[in-house]
Each structure stands twice: as structure tokens, then as C-alpha cells.
Amino acid sequence: MKNRRGRLLNLCFLWLPLAYLAAQFAFPLASGLVMSLNAGGPSFANYSFVLHDRLFWHACSNNLIVAGLSLCLEFSLGLLFALLLHATRGRSLLVEISVLLPFLIPEIVFLSIARYILLPRGYLNGALLSVGLDGLGWLNPGSWLALLSVIVVDAWHVTPVVTLLLLGGLQTIPSELYEAAYLDGAGPVARLRYVTVPLLRPALFAALLLRGVDALRIFSTVLVLTGAEGAPVLSTYAYQLWSDALEPQIAMAASVMLALFIAALAAVVLGLRRRSGGRAETSWEYLTA
Amino acid sequence: MCVALAFGLIAGGCGAPHVPRRSLTVAMALLPGEAIRYRKILADFESVSGTEVQLVTETYGDILHLLEAESRAGRGRFDLVELDIATLGQARNDVRELAPSILAADRKLFPETAWRVGMMANQLYFVPHRIMWQAMIYNRLKVPKPPTNWEELANFVHAHPGKLAIKGALYEGTLCDVAPFIWEAGGAMEQPTSTDTLTALDFLAGLAPGLNPRSAVFREMSVLEAQARGEVWIHFNWPFAMTYLRDKGLAPSVNLSAPIPLGPKGRATVLGGGYLAIPRSAPNPDDAQLFLRFLLTSDVQQRLVTDLGWQNTLPTRWNQQATLLYAGFSQMRAYLRARPEVQDYQVLSNRWQRALAAILFEGTPAVVALKPLTAWAESLPYEESARPAS
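Chains as they are written, first to last, in my numbering: chain A, 3 to 291; chain B, 13 to 402.
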């Protein structure tokens with residue numbers, strides 16, 4: 003009777019979800035792989051095309067630059083906003099709304115607004131002209147300024163996610179630790195450095211993993227602001243191959259490479275987390291020993 | 013009791029005997045405004061034939077993908093699809109041959125070049141639905157005298173940097189802007205390193221520093237928006253651009269059309285547009301053929317011209333404003349040229365797009381940028397058999 007119940011539970015909680023995952027994930031992945039290996043017959047020609055394409059390497063470097071700088075900006079601002087919200091919790095609804103607003107607006111609306119701000123005759127250049135300065139080509143294809151615009155807009159849009167994740171982490175830190183640190187003579191900077199940051203590490207890693215993967219997959223921000231060619235990243239590169247070049251097999255090869263790239267970086271972050279996991283809890287104890 | 017009886021009668025079908033209506037599902041790349049006007053023409057067909065037409069509007073790219081998917085599956089939903097002229101070679105294996113009687117009866121409706129594009133190996137596969145070609149669109153307030161030849165165009169660019177734009181994104185539209193210059197120099201896309209082709213590319217490379225800096229990402233709509241904002245004063249586009257500008261109150265008062273500047277060996281513009289085809293997997297191919305015949309009548313074609321602004325060879329009954337708006341397009345009608353009739357046009361086009369991006373926006377010399385294209389183009393099998401017997 004007990005065995006039968008166990009089998010039933012296995013079926014419900016293990017095999018059914020596994021079957022669902024297989025249908026939703028493994029099958030498309032496998033068919034994508036097969037497609038990427040089809041170049042009029044099984045071959046690696048599509049991968050070879052991608053690896054020999056100058057635009058692919060350009061997209062790769064842009065992808066790393068955008069993801070790296072965007073994450074730096076998001077985490078700096080996210081931590082700042084999270085600390086601010088934590089300190090003023092329940093007291094300033096306005097601060098909460100203004101921090102979270104960019105994420106609450108539908109993405110396409112947000113990006114269209116950003117585009118209107120940054121266009122050659124947009125609001126930003128209008129503001130510059132009104133104070134006697136020349137307008138700049140914020141979205142000029144192939145320029146550093148275009149890349150910078152993408153980074154800033156992306157960070158602006160998703161910083162609230164990082165803020166929320168870090169705020170959740172901050173709320174789990176017991177206030178007694180801060181009191182103890184205060185009694186030991188630790189100032190605000192020392193409390194941040196030796197209490198907040200170490201104990202926030204699990205939340206930081208979670209946010210880094212979540213946002214890191216997302217930042218590498220960046221697509222709509224680039225497409226709306228600069229077009230697929232303006233500041234190409236790997237997903238817009240694959241999209242251009244699929245939609246304009248009508249080369250779905252090569253596009254799939256590029257997508258598989260992007261997926262592998264993301265998986266490798268995610269593995270690195272997870273490995274780092276595992277290595278540093280033990281130290282996080284003991285930082286304060288180590289300091290006060 | 014009465015209510016129950018009424019429900020019973022309704023459920024059992026007490027009205028007139030239900031005769032299933034024939035239906036036809038068509039996929040077309042229509043803009044929302046066009047679809048509304050096109051539905052009125054479909055309504056006429058429905059009343060004449062008794063066949064209900066379901067119109068699905070999609071982009072050309074998506075229609076091509078769904079055609080391929082249905083063909084692979086061996087069964088499908090669509091009876092008729094509209095395809096971009098540039099993708100006909102790619103779609104050929106997924107569509108049915110059409111009865112030659114269509115061609116015999118209605119050949120005069122479209123230019124010979126347009127029909128030839130729809131034929132492959134002496135068989136008709138694609139019927140012109142709408143044809144169009146490019147002309148130059150200019151801001152008449154900023155450019156009172158639009159450039160009429162290459163020299164004047166070069167002078168304009170030097171005098172007004174950033175005010176000429178081309179559609180330079182990595183897509184087929186780039187070739188629609190560049191191919192006329194290659195042809196006007198006497199060159200050909202199939203001969204990338206011929207002296208004449210290089211003459212055209214050198215001329216364009218000379219213009220490149222003065223092009224609008226966003227040319228590398230411009231497409232039909234984005235360049236048109238830039239023209240509407242006054243950021244661009246001259247660009248090349250399809251007739252719909254004039255309709256768009258007119259609807260915004262920016263034509264003919266601000267913008268007008270003119271012929272593409274004359275090159276050293278003549279004038280040319282690229283034939284574009286949509287073609288209709290019956291998928292191999294079409295559930296109702298006979299009805300689809302019937303609809304094609306309906307479309308290819310003079311009356312319907314005249315309505316497509318007047319109601320939707322589409323083009324054929326019928327005399328155009330435009331009012332004074334439309335005549336002014338489309339003046340440049342009317343003048344370019346005689347200089348239509350089709351894209352190369354090669355089997356693998358898409359590959360040729362993709363390689364050209366990459367080469368043009370390098371020449372125009374990265375300063376790569378044409379000979380170097382065209383290197384990957386040259387060997388491939390030299391081995392191209394010209395599809396002589398695809399040309400119809402004249």
C-alpha cells in the first residue's frame with residue numbers, strides 16, 4: 003500500500019513534471035540543434051559560417067561590453083536604491099514608486115519613450131540645444147555613444163529588478179547584527195562593508211545570475227533603440243539572419259552558440275557562489291573575533 | 013415547456029437547411045489601412061462566387077516561413093499567399109504551377125518584366141499582385157531643385173552633409189537603393205567586379221561620408237520617418253511613402269517625388285512588389301485559382317490602382333493631387349528592371365548586403381569587400397531555362 007502510494011507520488015511530482023519539461027524544453031532544443039546542423043545535409047557548415055563572420059565577433063564583443071557595463075550600473079544603482087528603500091521603508095511611497103516605475107511600464111512603451119528621448123531630434127538633444135549646446139548622435143550606428151545609450155537604457159529599465167532582489171536580501175538581515183556592530187564602534191561604511199555586503203551575498207549572487215543571463219540575452223532594447231545593425235549583439239545577429247537574411251539554419255547555429263555562451267557563464271557564477279558560500283556567514287564573526 | 017421546446021428546435025436546426033459555404037484563406041502582407049480597403053474588393057468576390065474569404069495579414073517574412081512550414085508538414089491552411097518578389101526563388105518548391113490560361117488571358121495587365129519574374133523553367137508559379145518601383149523623395153522646401161543626375165546628387169551631398177539617406181540596414185531594401193546606381197553605370201549585381209559596377213560603387217563610396225549617419229540602420233519606414241521629421245531631405249523609397257507623407261499633411265506641400273538621378277549609362281529603378289501563389293498544401297486550390305482570375309480582371313485592377321494606389325499598366329485615373337504626388341514614380345515607370353534571375357538570389361543578396369555595409373559604412377575598398385562575392389558569383393548558374401519563351 004505504501005509502495006503504491008510512493009509510486010503515485012513519484013509519478014505526480016517527478017515523472018509528470020519531467021515529461022512536461024521534456025516536451026517544453028528538450029524537444030525544441032533538440033530540434034534546434036538538428037536544424038543548426040543542417041546545411042543541405044548534416045554538417046558543421048552553419049557553425050563555420052558563424053565563426054568566420056566578422057559581424058558575429060563584433061556582436062560577441064558588444065554583447066560582453068553591454069552586459070558587463072549594464073550589470074555594473076544596475077548593481078551599483080540597485081544596491082543604492084535598495085538601501086534607500088530599506089532605510090525609508092513605509093515612509094516614502096514616492097521613492098518606492100519612482101524607483102520601481104521603469105520596470106512597471108510595458109517594455110515596448112518604455113523603449114519607445116527612450117527612443118524618442120535619444121533620437122537626433124529627440125528630447126535630450128532639444129534640452130542640450132536649449133542651453134546652447136550641440137545635439138549628439140546618441141543612436142548613431144556603430145558609435146560608442148549608441149552602445150552607451152543601450153547600456154544606460156537597459157540599466158534604467160531593469161535596475162528595479164535588482165533593487166527588489168537586494169531589498170529582499172536586506173530584509174533578511176537581523177537588526178541585532180547592526181546593533182552589535184554599532185556598539186562595537188562600527189560606522190555606517192563599516193556596517194555596510196562588514197555586515198550588509200557579506201550577508202547580502204546570496205541575494206547578490208541570485209541577482210547576478212538572473213540579471214547576468216538576462217543581460218546576455220539582451221534583444222529588444224538594442225532592436226528598438228539602434229536597429230539590429232546599430233549596436234549588434236548576439237541575439238540581434240541571430241534575429242537578422244533569421245528575419246532578413248532568411249537563413250534560419252545559420253540563425254539557429256548562432257542561437258545555439260549564444261545559449262552555450264550563457265550556460266558557460268552561468269556555470270562560472272554558480273561555481274563562484276559555491277566557493278564563497280561558506281565565507282559569507284562567517285565574515286562578521288571573523289571580524290569580531 | 014415552451015422555452016425547452018424553443019431551445020430544442022434551435023439546437024436541432026429548425027431554420028433553413030445549412031449549406032456549408034466554401035471558404036478561402038489568403039495570407040497577404042497588407043498594412044492595416046490597406047487591409048480595410050482590400051476587404052471591400054474581397055466582399056465583391058464573395059458575393060460573386062459565394063466563397064467566403066478569410067484574409068490573414070502577415071509580414072512577407074512570416075508568410076514565407078509559414079509556407080515552408082506547411083509545405084514540410086504536407087498539409088496546410090492557406091489557399092493563397094502573397095510573397096515578396098525577392099523571395100520567389102526560395103518559395104518555388106513550395107507552390108503549385110499555375111494554369112497557363114491565366115497568363116494568356118491577362119498578360120497585358122502588368123509589364124512583361126513583371127510576368128517574367130513569376131515564371132521559372134517556362135512555367136508560371138507566381139502572379140503579380142501589385143508591382144511597384146522606387147523613385148526619389150525630396151523635401152521641396154529645402155531642395156527646390158532636386159538633383160537630376162549623379163553630379164548634381166554629389167554636389168547636394170557635399171553642400172548638405174547628412175541630408176541624403178539610403179536604406180543601408182542588412183536587408184533586401186539596401187539592394188533596392190543601390191542596384192539602380194549599379195545599373196545606371198552599366199554594371200550588374202551578377203558581375204560584382206566589372207568596371208561599370210565598380211564605377212557605381214566608387215560613386216556611392218564617395219557619397220558615403222556625407223550620408224545621414226543613421227543610414228546604416230535605415231529601412232523603409234525609419235528613413236521615411238526621418239524624412240517626415242525633416243532630418244533627411246532626400247531618400248529613395250516606394251510609392252507608399254507618398255501616401256504616408258500625404259496622410260501626415262507633409263505632401264505635396266513639403267515633400268514630392270522625382271526620378272532617380274540619371275547615371276552615366278542611363279536611368280533605372282528596381283521592380284518590387286508582391287506576387288500571389290497557391291501553396292502545394294492548399295486545401296482549396298481550385299477556388300484559389302478562381303480568385304486569381306477575379307483579381308486579374310481590368311475592373312478589379314483599376315480598383316486596386318484607385319483605391320490602394322497600386323500599380324499595373326492600366327492607364328491611371330489619378331486626380332490632380334495624386335498626379336503631383338506620384339510624378340517621380342510615373343516618370344520611372346519606363347525604367348523598370350528586375351533583380352537578377354539567378355536560382356539562389358537570396359544568397360547573392362545577403363553577400364551583397366554585407367559587402368555594401370563594408371563599403372559604405374566601414375570605408376572598405378570595393379574590390380576588397382566584394383572578394384567573397386566574386387568567386388561565388390562567377391560560379392552562379394544563370395537560370396536561362398527560367399526565362400519564358402518570348
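Note that CB positions come from ideal geometry on N, CA and C, so glycine has one too.
Remember, predicted model here, so these are calculated numbers, not experimental data.
The Cβ neighbour count for M233 (chain B), taken over all protein chains shown within 10 Å, is under 16; the residue is labelled exposed. CA-to-CA, the gap between V155 (chain B) and W322 (chain B) works out to about 27 Å. Taking 9 Å as the cut-off between beta carbons, none of the residues of the stretch 24-53 of chain A comes near chain B. Remark: C-beta atoms of N224 (chain B) and Q146 (chain B) do not approach each other more closely than 8 Å.
Secondary structure within the stretch 79-165 of chain A: not one fully enclosed beta strand (DSSP E) run of 3 or more consecutive residues is present. Between the alpha carbons of V52 (chain A) and Y183 (chain B) lies a distance of about 18 Å. Between A183 (chain A) and N64 (chain A), the C-beta gap is not smaller than 8 Å, which leaves the two residues out of contact. Within its own chain, the residues whose Cβ lies closer than 7 Å to the Cβ of Q135 (chain B), once the five positions on either side in sequence are excluded, are E109, listed in chain order. Counted as a single uninterrupted DSSP element, the alpha helix (DSSP H) harbouring L18 (chain A) occupies residues L18 to L23. Two segments are said to touch when three or more pairs of C-beta atoms, one from each, lie closer than 8 Å; by this definition the stretch 41-48 of chain B touches the stretch 57-77 of chain B. The way I'd put it, the stretch 187-200 of chain B doesn't touch the stretch 99-110 of chain A; fewer than three beta-carbon pairs between them come closer than 8 Å. Interface criterion not met: the Cβ of G285 (chain B) is under 8 Å from no Cβ in chain A. T238 (chain A) has a beta carbon lying at 8 Å or more from every beta carbon in chain B. Taken in chain order, the unbroken stretches of alpha helix (DSSP H) that lie wholly in the stretch 142-178 of chain B and span 4 residues or more are 162-171. Residue contact check for V93 (chain B) against chain A: no CB pair falls below 8 Å.
Bounds of the beta strand (DSSP E) holding R34 (chain B) are R34 to M40. Secondary structure note for G88 (chain B): it is in no alpha helix (DSSP H), with a DSSP letter that is neither H nor E.
A straight-line Cα-Cα distance of about 13 Å links L20 (chain A) and L11 (chain A). CA-CA distance, G261 (chain B) to I246 (chain B), rounds to 18 Å. Chain A has no Cβ within less than 8 Å of the Cβ of L36 (chain B). Counting along the chain, the unbroken alpha helix (DSSP H) around F252 (chain B) starts and ends at F252 to D259. The DSSP assignment places complete beta strand (DSSP E) segments of no fewer than 3 residues inside the stretch 223-286 of chain B at 246-249 and 267-270, in order along the chain.
Assigned with DSSP and collapsed to three states, N134 (chain B) falls in coil, not helix or strand. A contact between stretches requires three or more CB pairs, one per stretch, nearer than 8 Å, and the stretch 166-183 of chain A fails this requirement with the stretch 46-60 of chain A. Under a criterion of Cβ atoms nearer than 7 Å, the residues of chain A adjacent to R241 (chain B) are, in order, R123.
Remark: C-beta atoms of L257 (chain B) and A240 (chain B) approach each other more closely than 8 Å. Within the same chain, Cβ atoms closer than 7 Å to the Cβ of E80 (chain B) are found at D106, the five residues on either side in sequence being excluded. Under the three-state reduction of DSSP, Q355 (chain B) is assigned to coil, being neither helix nor strand. Under the 10 Å beta carbon count, F46 (chain A) is surrounded by fewer than 16 other beta carbons and is classified as exposed. Against chain B, a Cβ distance below 8 Å from T228 (chain A) picks out V229. Using a Cβ-Cβ cut-off of 8 Å, F373 (chain B) is close to P143 and G144 of chain A, given in chain order.
The C-beta of P156 (chain B) comes no closer than 8 Å to any C-beta of chain A. When Cβ pairs closer than 8 Å are counted between the two stretches, the stretch 353-365 of chain B is seen not to touch the stretch 292-304 of chain B, the count staying below three. Beta-bridge analysis with DSSP links A200 (chain B) to B:Q203. In the displayed model, V65 (chain B) falls within a strand according to three-state DSSP.
Straight through space, the alpha carbons of Y150 (chain B) and G199 (chain B) are spaced by roughly 26 Å.
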